[in-house]
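Heads up, the thing below is written out as structure tokens.
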Amino acid sequence: MSRKDQIDITKLPKHIAIIMDGNGRWAKGFGKFRIFGHYNGVKAVKTTVEAAAEIGLKYITLYAFSTENWNRPQKEVDDLMELLIDTIKKETPTLQKNNIRLKSIGNISDLPAKCQLQLQETIDATKDNDGLTMVLALSYSAKWDIINAIKNIATQVKNNELAISDIDDIVIDKHLSTNGIPNPDLMIRTSGEHRISNFLLWELAYAEFYFTPKLWPDFKEEDLYDAIIDFQQRERRFGKTSEQLITN
Ligand code: FPP
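Residue 392 is where the sequence shown starts when you use our numbering, and the numbers rise one by one after that.
Here it is as structure tokens:
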């Protein structure tokens, strides 16, 4: 049986979040500049997203550029921004063909104007697609998002629009840039690193984590299937006991 056939499509995770790591090391392995790794990282994005859409996944979030990535050498930042613009533009017809809706999270106003415009254009063009939603985390960090949410909630309290006693999970969810997107049930990180790196700290509270030593440009459909098969073998207890899960 192929890896794909081993997936129980009735028990797919609703949302997979991915930390795409290892582009730089992959390029170094070929004696090339880091941007060569990012170009090939885009190929892995395409393969993974198309495979996810094909099996019927509803949400995928990709950590494409973190708040901390602004501290990389200016040339790499500029190249990454160009790559983002070109890829989003070039792949818009593919998103349409595969019924994929594009969304973004993060401090989008930090991005170069050209990048913001292209992003918005593709978000608008794909807004009615109802297959997979692909969320790009751009100039994103979970701490940035949480700080913003706290500021907005504090302002509402100050203006007597919200009582402190009413602040709960739902209120916090509503003020995050992930508002309206279900929490990921599976988080994949490539390249052998076992870190969360300021990614979706609130939203990953009950996610299953899957780590693979593969570098992101080497990540293929089969690797996505392996992660899903592994996820489907886990017992998700959400704080309960195994016995409770059986009786319920
Ligand atoms: C991490 O590898 C990767 C990034 C910081 C950038 C990821 C971006 C892409 C794959 C392009 C995304 C494009 C679209 C359209 C989604 P690294 O550079 O940190 O690698 P290293 O840890 O080996 O140095």
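All C-beta atoms in this analysis are idealised placements derived from N, C-alpha and C, irrespective of residue type, glycine included. The model shown is predicted, which means the values in this text are computed figures rather than measured ones.
Name the DSSP beta bridge partners of T452, please?
As a position in the sequence shown, residue 452 is number 61, starting the count at 1. A408, V526, per the DSSP bridge assignment.
DSSP three-state label for Y616, please.
Here residue 616 is taken as the residue at index 225 of the sequence shown, counted from 1. Of the three classes helix, strand and coil, the one that applies to Y616 here is helix, per DSSP.
Cβ atoms of N520 and I491: under 8 Å apart, would you say?
Reading the sequence shown from its first residue, position 100 is the one you call residue 491. Reading the sequence shown from its first residue, position 129 is the one you call residue 520. Cβ distance < 8 Å, so I491 and N520 count as in contact.
Ordered along the chain, which non-local residues of its own chain (more than five positions away) have a Cβ less than 8 Å from that of D399?
The residue given as residue 399 occupies position 8 in the sequence shown. Excluding sequence neighbours, D399 sits near Q623.
Jot down the residue ranges of each uninterrupted alpha helix (DSSP H) in the segment 507 to 566, minimum 4 residues, whole runs only, in chain order.
533 to 549, 560 to 566
Taking contact to mean at least 3 C-beta pairs separated by less than 8 Å, is the segment 573 to 584 in contact with the segment 517 to 537?
No, the segment 573 to 584 does not touch the segment 517 to 537.
Hey, which unbroken runs of the beta strand (DSSP E) at 3 residues or more fall wholly within the segment 417 to 493?
Segments of the beta strand (DSSP E) lying fully in the segment 417 to 493: 450 to 457.
Can you tell me which residues form a DSSP beta bridge with S495?
Counted from its first residue, the sequence shown places residue 495 at position 104. Listed as beta-bridge partners of S495 by DSSP are L527.
Note down the Cα distance separating E445 from D614, rounded to an integer number of angstroms.
As a working mapping, residue 445 is identified with position 54 in the sequence shown. As a working mapping, residue 614 is identified with position 223 in the sequence shown. Cα to Cα, the separation comes out at about 15 Å.
Please find out if some non-hydrogen atom of ligand 1 comes closer than 7 Å to the beta-carbon of I479.
Here residue 479 refers to the residue found at position 88 when the sequence shown is read from its first residue. Yes, the beta carbon of I479 sits closer than 7 Å to at least one heavy atom of ligand 1.
Give the straight-line distance between the Cα atoms of Q487 and P604, rounded to the nearest whole angstrom.
Mapped onto the sequence shown, residue 487 falls at position 96. Mapped onto the sequence shown, residue 604 falls at position 213. Their Cα atoms are separated by approximately 32 Å.
Quick check: the Cα distance between F602 and V548, rounded to an integer number of angstroms?
Translated into the one-based positions of the sequence shown, residue 602 becomes position 211. Translated into the one-based positions of the sequence shown, residue 548 becomes position 157. Near 41 Å, if we compare the C-alpha coordinates of V548 and F602.
With hydrogens ignored, establish whether the beta-carbon of W461 is closer than 7 Å to any heavy atom of ligand 3.
Summarising the ligand content, the structure contains ligand 1 and does not contain ligand 3.
Could you check if V526 belongs to the surroundings of ligand 1, using beta carbon to heavy atom distance under 7 Å?
Here residue 526 is taken as the residue at index 135 of the sequence shown, counted from 1. No; taking the cut-off as 7 Å, the Cβ of V526 has no heavy atom of ligand 1 nearer than that.
Quick one: what's L636 bridged to in DSSP?
In the sequence shown, the residue the question calls residue 636 occupies position 245. Paired residues: none, contrary to the question.
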